[in-house]
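Step one of this worksheet: look at the structure below.
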Amino acid sequence: MSYQLRLAAAAVLSAFACPTFAETISTVTVTSNPLGKGEDMQVLTPAKVLAGPELRNKISTSLGDTLGGELGVSASGFGAGASRPIIRGLEGPRIKILQNGMGVADVSSLSNDHAVASESATAQQIEILRGPAALLYGSGAIGGLVNVIDGRIPTTLSKQVTGEAELRAGSGNQEKSGSFGLDGSSGALAWHIDGNARQTDNYAIPGKANSGNPNTAVGRLPSSFTREHSLTLGGSYIQQWGYVGAAMQTLNDHYGIPTAEKSFIDMRQNRFDLDSKVRTPWSGFESLSMKLSTTDYQHTEKTEQGKPNTNFKNQSTEARLVLNHHTWQGWQGSWGMQFETVKFSALSAATGRADTVPVTKSNSAAAFVLEQKQIGDVLTSAGLRLENVKRTPEAIASLPARQFHLYSASLGGLWQLTPGYAAGLSYSLAQRAPATEELYSNGPHESTATFDIGNANMQKEKSRNLELSLQKTNGLIRWKINAFYNQVQNYVYGHTDGVKVNEEGNPADDAEFSRRYWSQARANIHGAEAELSFNPTGTGFSARAFADMSRGRLDNAGNLPLQPAIRTGVDLGYREGAWRGSVKVLHAQKQDRLASFENYVTPSYTKVDLDLSYTQVYSGAQLTWFVMAKNLLNQDIRISTSVLRDSVPQPGRHFIAGVRTSF
Numbered sequence: 048m049s050y051q052l053r054l055a056a057a058a059v060l061s062a063f064a065c066p067t068f069a070e071t072i073s074t075v076t077v078t079s080n081p082l083g084k085g086e087d088m089q090v091l092t093p094a095k096v097l098a099g100p101e102l103r104n105k106i107s108t109s110l111g112d113t114l115g116g117e118l119g120v121s122a123s124g125f126g127a128g129a130s131r132p133i134i135r136g137l138e139g140p141r142i143k144i145l146q147n148g149m150g151v152a153d154v155s156s157l158s159n160d161h162a163v164a165s166e167s168a169t170a171q172q173i174e175i176l177r178g179p180a181a182l183l184y185g186s187g188a189i190g191g192l193v194n195v196i197d198g199r200i201p202t203t204l205s206k207q208v209t210g211e212a213e214l215r216a217g218s219g220n221q222e223k224s225g226s227f228g229l230d231g232s233s234g235a236l237a238w239h240i241d242g243n244a245r246q247t248d249n250y251a252i253p254g255k256a257n258s259g260n261p262n263t264a265v266g267r268l269p270s271s272f273t274r275e276h277s278l279t280l281g282g283s284y285i286q287q288w289g290y291v292g293a294a295m296q297t298l299n300d301h302y303g304i305p306t307a308e309k310s311f312i313d314m315r316q317n318r319f320d321l322d323s324k325v326r327t328p329w330s331g332f333e334s335l336s337m338k339l340s341t342t343d344y345q346h347t348e349k350t351e352q353g354k355p356n357t358n359f360k361n362q363s364t365e366a367r368l369v370l371n372h373h374t375w376q377g378w379q380g381s382w383g384m385q386f387e388t389v390k391f392s393a394l395s396a397a398t399g400r401a402d403t404v405p406v407t408k409s410n411s412a413a414a415f416v417l418e419q420k421q422i423g424d425v426l427t428s429a430g431l432r433l434e435n436v437k438r439t440p441e442a443i444a445s446l447p448a449r450q451f452h453l454y455s456a457s458l459g460g461l462w463q464l465t466p467g468y469a470a471g472l473s474y475s476l477a478q479r480a481p482a483t484e485e486l487y488s489n490g491p492h493e494s495t496a497t498f499d500i501g502n503a504n505m506q507k508e509k510s511r512n513l514e515l516s517l518q519k520t521n522g523l524i525r526w527k528i529n530a531f532y533n534q535v536q537n538y539v540y541g542h543t544d545g546v547k548v549n550e551e552g553n554p555a556d557d558a559e560f561s562r563r564y565w566s567q568a569r570a571n572i573h574g575a576e577a578e579l580s581f582n583p584t585g586t587g588f589s590a591r592a593f594a595d596m597s598r599g600r601l602d603n604a605g606n607l608p609l610q611p612a613i614r615t616g617v618d619l620g621y622r623e624g625a626w627r628g629s630v631k632v633l634h635a636q637k638q639d640r641l642a643s644f645e646n647y648v649t650p651s652y653t654k655v656d657l658d659l660s661y662t663q664v665y666s667g668a669q670l671t672w673f674v675m676a677k678n679l680l681n682q683d684i685r686i687s688t689s690v691l692r693d694s695v696p697q698p699g700r701h702f703i704a705g706v707r708t709s710f
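The sequence shown begins at 48 in the working numbering and counts up by one.
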């Protein structure tokens, strides 16, 4: 870790000697949209793009915490080390996490205690995408996708070395972190390097970890520490015809699980990516893109004393080919194919037996198309994806192989009412194959203290989604309103029956594991989002007000578990010259719409965050000094989307100070 911090510091110092200066411009192009539309054109596929100072001010120790305040997005909140985005009440295997347009290939969708193997600190842009375009990335995007862009494979040549670096320190968790990124080129060869290191201790909490337990921790949350570092190298050969490039990354993460057992996780991932693009490969076609990624992921769950309990492994190879054509008879679109092979297991560290999830090989192949055409005042969009998924457990497990034929389809229209005003309506069908753990789990999971039992006979999920959007996209005052309704057949969910069992699954009064089953039922999810902004891009004062809500129910079985609370918020900002500042207020209502097996009502809370920065030009480089205050009112915050909401509060009052440079 100290080596990574030295690299970050060196990058900062190198900026002081840089003779030229180039300000970083935030882009709002949604790269995960095959048609390359910007954020202001996402009425059919509502999106949010975080970049530049806005992204830097929201960076946290996990991807979920970084995005948890965005419209329609909450977080799973499993301590500081593991928090995954939840979009419109859908989580886990229904939310696809991408790294530069390819699957992140970790096991974070399996359980809330598993961290996302993607680092926000080195990201140049983070995209949130829902709707028809998201479905083209697989059945794992049935609820939406998050795409982390870090530019590890360069696509353009730079005339000089450019880069950025950041050092920061925090009070509430004794954070010490640094990150850097450098880009350059020589002739037709472009190169990229980035890295980061972060160390945090157990974070401060306003009072007791569990207000109903007199013996619970006070002041700091035990086992909420994190230790993380990563390094990425990439390069490309770039010509007028296009480019071909490759990148390698190593990521290591060590973090605590804030449960009574105080276990922790050691995680490692090595990743290799290839990316190429050919411009005008044939007459009538705009470009041909080909991507390949291979990932070797593993993590070990250990006891407080360091004894290994379970080894999780995930080896993945994914290939994706996309062909964009020029306008034909008014139609513009993309065709593509995607292939993926995954070998996953969760085995006992002591015996190597499949006590949790057996070694299972999954193969998928898909073809997709997305087209759009302007018909009068309506921009029409249509998409189709056909996919085949096969899951085969090893023979020793004596479990059946399963094969699923899936299809997704979408149709929508965007009506430009007048310049700057638009209304959109979209309807989509989506199907998802049950994940490996949902089919074949049958063993203890130490970090969640559950004994998970899958169902190898489960059927594919079938979702029908209707969405209406209204939006004003230019001018001093802008706004958008989204309303949605999803009906899901065979919705997969986990539920406990109140029985305590031991490691063999046998009931015992003093056992540590709660028995949890994977089941299916029909579900209905509906909600709405609204946002009003004043002067969002100009200097001087700016303001934003927003609200979102999502409700989900199972037919004849009550509410869906882990449903988000109704939220409202106001952001006030000021930008003039070298100064930039903002105050953000987020209020969440009490969430008492519990599933039949849930028993903790999360109280309402109000979270206030402040940030202030000053930017100067020093020796030709842009130098930004910043301070931030998180949870300024020191509220005891329990988020309803966390399985540990009764015993794991969110961090209390927390101050951050740092410096970043770009050149």
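Virtual Cβ for every residue (Gly too), placed ideally from N, Cα, C.
For clarity, every value in this text was computed on a predicted model and none was experimentally measured.
- Taking just the CA atoms, how far does I134 sit from E645? In a straight line, the C-alpha of E645 is about 20 Å away from that of I134.
- Query: Can you tell me where the alpha helix (DSSP H) with E485 in it begins and where it stops?
  - Reply: 483-487
- Out of curiosity, what's the CA-to-CA distance linking P696 and I252? 7 Å
- Message: Considering just the uninterrupted stretch of the beta strand (DSSP E) at T374, what are its terminal residues?
- Response: 355-375
- Under the three-state DSSP convention, the category I304 falls into: coil
- Task: For the alpha helix (DSSP H) containing L110, list its first residue and its last residue.
- Result: For L110, the uninterrupted alpha helix (DSSP H) run begins and ends at 110-114, by DSSP.
- Task: Might you give, ordered along the chain, the residues of its own chain that have their beta carbon closer than 8 Å to the beta carbon of W375, omitting 5 neighbours on each side?
- Result: G331
- With distances taken from CA atoms, which of V406, L579, E493 is nearest F560? E493
- Task: Confirm, please, whether the CB-CB distance from Q669 to S709 is below 8 Å.
- Result: yes
- Message: Less than 6 Å between C-beta atoms, sequence neighbours within five positions excluded: which residues of the same chain meet that for R141?
- Response: I189, G190
- Per DSSP, I285 is paired with what? Y290
- Going by beta carbon distance, what residues of the same chain come within less than 6 Å of G628, once the five residues before and after it are set aside? Y621, L659
- Task: Just grab the DSSP bridge partners of F319 for me.
- Result: M295, T341
- Query: Among the residues of its own chain, which have a CB less than 7 Å from the CB of K223, if the five just before and after it don't count?
  - Reply: A216, Q246
- DSSP three-state assignment for L609, whether helix, strand or coil: coil
- Kindly list the residues whose CB is nearer than 7 Å to the CB of N410, restricted to its own chain and excluding five residues on each side of it in sequence; keep chain order. T388, K437
- Let me know if S475 comes out buried or exposed under the rule of 16 or more other beta-carbons within 10 Å of its beta-carbon. buried
- Item | Closest Cα partner of Q352 within the set M337, G303, E434 | G303
- Considering only residues of the segment 94-153, which uninterrupted alpha helix (DSSP H) runs meet the minimum length of 4 residues and lie entirely inside it, listed in chain order? 99-105, 110-114
- Message: From the DSSP secondary-structure annotation, give me the bridge partner or partners of V535.
- Response: In the DSSP output, where bridge partners are listed per residue, V535 has S510, A570.
- Item | Own chain residues within Cβ distance below 6 Å of D248, not counting five before or after | N220, Q221, F272
- Nearest-angstrom Cα separation, counted from L431 out to D693: Approximately 43 Å between the Cα atoms of the pair.
- Message: If we require 3 or more residues per run, which beta strand (DSSP E) segments fall completely within the segment 437-506?
- Response: 449-465, 468-479, 489-492, 497-500
- Item | Alpha-carbon to alpha-carbon, D160 and F311 | 10 Å
- Message: Between Q536, Y564, V535, N529, which has its C-alpha nearest V546's C-alpha?
- Response: Y564
- Hey, quick one: how far does the beta strand (DSSP E) through Q246 stretch, first residue to last? 236-247
- Task: Within its chain, find whatever has a CB closer than 7 Å to the CB of L464; leave out the 5 residues flanking it on each side and keep chain order.
- Result: A470
- Assuming R569 contacts Y538 under a Cβ cut-off of 8 Å, what Cβ separation, rounded to an integer in Å, is found between them? 7 Å
- Inter-residue spacing [alpha-carbon to alpha-carbon] between V548 and L204: 60 Å
- Message: Quick check on this structure: which residue in Y454, R614, G522 has the alpha carbon closest to the alpha carbon of S580?
- Response: G522
- Task: Grab me the residues of R400's own chain with a C-beta within less than 8 Å of its C-beta, minus the 5 sequence neighbours each way, in chain order.
- Result: L394
- Measure from the alpha carbon of G585 to the alpha carbon of each residue in Q362, A676, K631, I524, then state which is nearest. I524
- Please determine, among G266, G150, Q385, K324, the residue with the shortest C-alpha to C-alpha distance to N361. G150
- Message: What does the alpha-carbon distance come out to for the pair L97 and P447?
- Response: 43 Å
- Message: Once the 5 residues before and after Q419 are set aside, which same chain residues still bring their CB inside 8 Å of it?
- Response: L82, W378, Q379, G380, L426, T427, S428, A429
- Message: Applying the 10 Å Cβ sphere with the 16-neighbour rule, what's the burial state of G501?
- Response: By the neighbour-count criterion, in which a residue is buried when 16 or more other Cβ atoms sit within 10 angstroms of its Cβ, G501 is buried.
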